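Residue numbering for the sequence shown follows this note's numbering, starting at 330 and increasing by one per position. These notes are about the structure you will find just below.
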Amino acid sequence: MAAISTKKPANRFSKKQQLQFYKVITHIGSLIPLVWLYIDYYTYNLGVEEVNAAILRTGFPAVILLVLSLAITPLNILFGWSILGPLRKPLGLYAFLYAALHLTIFVVLDFGLEWGAVVTEIIERRYATVGFFSILIMLPLAITSNKWSMRKLGKRWKSLHRWVYLSAILAIVHYILQARNDYNWPFALAGILTFFFIIRIEPVKNKIVAFRKERAKQRKLAAKGA
Ligand code: HEM
Numbered sequence: 330m331a332a333i334s335t336k337k338p339a340n341r342f343s344k345k346q347q348l349q350f351y352k353v354i355t356h357i358g359s360l361i362p363l364v365w366l367y368i369d370y371y372t373y374n375l376g377v378e379e380v381n382a383a384i385l386r387t388g389f390p391a392v393i394l395l396v397l398s399l400a401i402t403p404l405n406i407l408f409g410w411s412i413l414g415p416l417r418k419p420l421g422l423y424a425f426l427y428a429a430l431h432l433t434i435f436v437v438l439d440f441g442l443e444w445g446a447v448v449t450e451i452i453e454r455r456y457a458t459v460g461f462f463s464i465l466i467m468l469p470l471a472i473t474s475n476k477w478s479m480r481k482l483g484k485r486w487k488s489l490h491r492w493v494y495l496s497a498i499l500a501i502v503h504y505i506l507q508a509r510n511d512y513n514w515p516f517a518l519a520g521i522l523t524f525f526f527i528i529r530i531e532p533v534k535n536k537i538v539a540f541r542k543e544r545a546k547q548r549k550l551a552a553k554g555a
């Protein structure tokens, strides 16, 4: 009877092709909520409170994409998926796009460009204050998410982009504060973000990476022995 090989089959696709594939999936996946919203708007499927529906349907993808952009490093630590690194930027930028649309719909369609009322809402309502700071932090990050800024800012670029964590925390607090009865999603996201933070703690991270490398080594040895 032929021995069963424990060797991993060689991937038929190069790293570049795999990354290209993940990038296409990221772009398509990130644009789906926008296209869907557009279709529902033109087919009168947003319900009676269509402005509110549009606010909710841009806020939700914004926070999801923001959390997904923060999942890239933990996924690398946990599974060694370093190939996903370049997806952080498009995910972060799409999060910003949805957040900007969210705020624009709020200011233009909900408040009819009444700036005084908008400012009062942001100052007086806690959910809006927190949301405002979340998007305010995202702005310089989106502007500097290019190679030129990376070169110009040097080491400071990394420190600046660490603020994305605070932006995500504020986005989730905003989500919790505006939720009236359904807290499942915001608390699930808060849990996921906490998990990401724990994984990134240096000793925890080192332990996970060492464990993963040891297992890979053992698997290689077992494959050689087979
Ligand atoms: C000045 C900034 C912001 C304002 C004024 C604002 C305003 C609002 C309003 C009015 C709602 C709907 C409340 C309701 O009718 O139930 C909402 C919901 C929401 N916003 Fe914001 N928002 C801001 C920033 C952000 C940012 C930066 C994010 C994410 C990155 C975000 C994510 C969300 C989410 C996830 C929801 C709930 C969506 C759902 O329930 O499906 N918002 N926001």
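Every residue, glycine too, gets a C-beta built ideally from N, C-alpha and C. Just so we're clear, the structure is a prediction, and the values are computed from it rather than from any experiment.
Can you list, in chain order, the residues of its chain with a C-beta nearer than 6 Å to that of residue i? Leave out the 5 residues immediately preceding and following it.
{"i": "Leu-499", "result": "Val-459, Phe-462 and Ser-463"}
{"i": "Trp-390", "result": "Here the sequence assigns Pro to residue 390, which means Trp is not the residue at that position. Contacts found: Pro-362 and Tyr-427."}
{"i": "Tyr-423", "result": "Ser-359 and Leu-394"}
{"i": "Thr-387", "result": "Tyr-427, Leu-430 and His-431"}
{"i": "Glu-450", "result": "Ala-457"}
{"i": "Phe-425", "result": "Met-467 and Ala-471"}
Below 7 Å CB to CB, which residues in the same chain sit around residue i once its five sequence neighbours on both sides are set aside?
{"i": "Leu-404", "result": "Trp-410 and Leu-413"}
{"i": "Phe-525", "result": "Leu-399, Ala-400 and Pro-403"}
{"i": "Ile-521", "result": "Val-396"}
{"i": "Trp-477", "result": "none"}
{"i": "Ile-501", "result": "Val-392, Pro-515, Leu-518, Ala-519 and Leu-522"}
{"i": "Lys-534", "result": "Ile-406 and Ile-528"}
{"i": "Val-436", "result": "Leu-442 and Val-447"}
{"i": "Tyr-367", "result": "none"}
{"i": "Val-538", "result": "Ile-406"}
Sort the options by Cα distance to residue i and report the nearest one.
{"i": "Arg-485", "options": "Leu-385, Trp-365 and Thr-473", "result": "Thr-473"}
{"i": "Leu-506", "options": "Val-436, Phe-350, Arg-455 and Ile-354", "result": "Arg-455"}
{"i": "Ile-357", "options": "Pro-419, Val-392 and Thr-372", "result": "Pro-419"}
{"i": "Ala-497", "options": "Thr-355, Gln-547 and Gly-421", "result": "Gly-421"}
{"i": "Leu-468", "options": "Ala-545, Ile-354, Ala-429 and Arg-509", "result": "Ala-429"}
{"i": "Arg-509", "options": "Leu-438, Leu-385 and Ile-452", "result": "Leu-385"}
{"i": "Glu-378", "options": "Val-353, Ser-343, Asp-439 and Thr-355", "result": "Asp-439"}
{"i": "Ala-540", "options": "Leu-482, Phe-408, Asp-511 and Tyr-504", "result": "At residue 540 the sequence reads Phe, which differs from the Ala that was named. The residue with the shortest Cα to Cα distance from Phe-540 is Phe-408."}
Among the residues of its own chain, which have a CB less than 8 Å from the CB of residue i, if the five just before and after it don't count?
{"i": "Ala-331", "result": "Per-residue confidence for Ala-331 stands at a pLDDT of 48, beneath the threshold of 50, marking its modelled position as unreliable; the derived number appears in the next sentence. The answer is none, since no qualifying residue turns up."}
{"i": "Gly-376", "result": "Ala-382"}
{"i": "Gln-347", "result": "Asn-340 and Ile-412"}
{"i": "Val-493", "result": "Leu-395, Ser-398, Leu-399, Gly-421, Ile-466, Met-467 and Leu-470"}
{"i": "Lys-536", "result": "none"}
{"i": "Lys-345", "result": "none"}
{"i": "Tyr-504", "result": "Gly-388, Val-392, Trp-514, Pro-515 and Leu-518"}
{"i": "Asn-374", "result": "Ile-368"}
{"i": "Tyr-512", "result": "Ile-505"}
Quick one: measure Cβ to Cβ for residue i and residue j, integer angstroms, because I've assumed they're closer than 8 Å.
{"i": "Tyr-351", "j": "Leu-432", "result": "In fact, because the Cβ distance is near 29 Å, the residues do not count as touching under 8 Å."}
{"i": "Val-364", "j": "Ile-434", "result": "No, Val-364 and Ile-434 are not in contact; Cβ-Cβ is about 16 Å, not under 8 Å."}
Could you tell me whether the stretch 487-497 touches the stretch 439-455, where touching means 3 or more Cβ pairs closer than 8 Å? By the Cβ rule, the stretch 487-497 does not count as touching the stretch 439-455, because fewer than three pairs are nearer than 8 Å.
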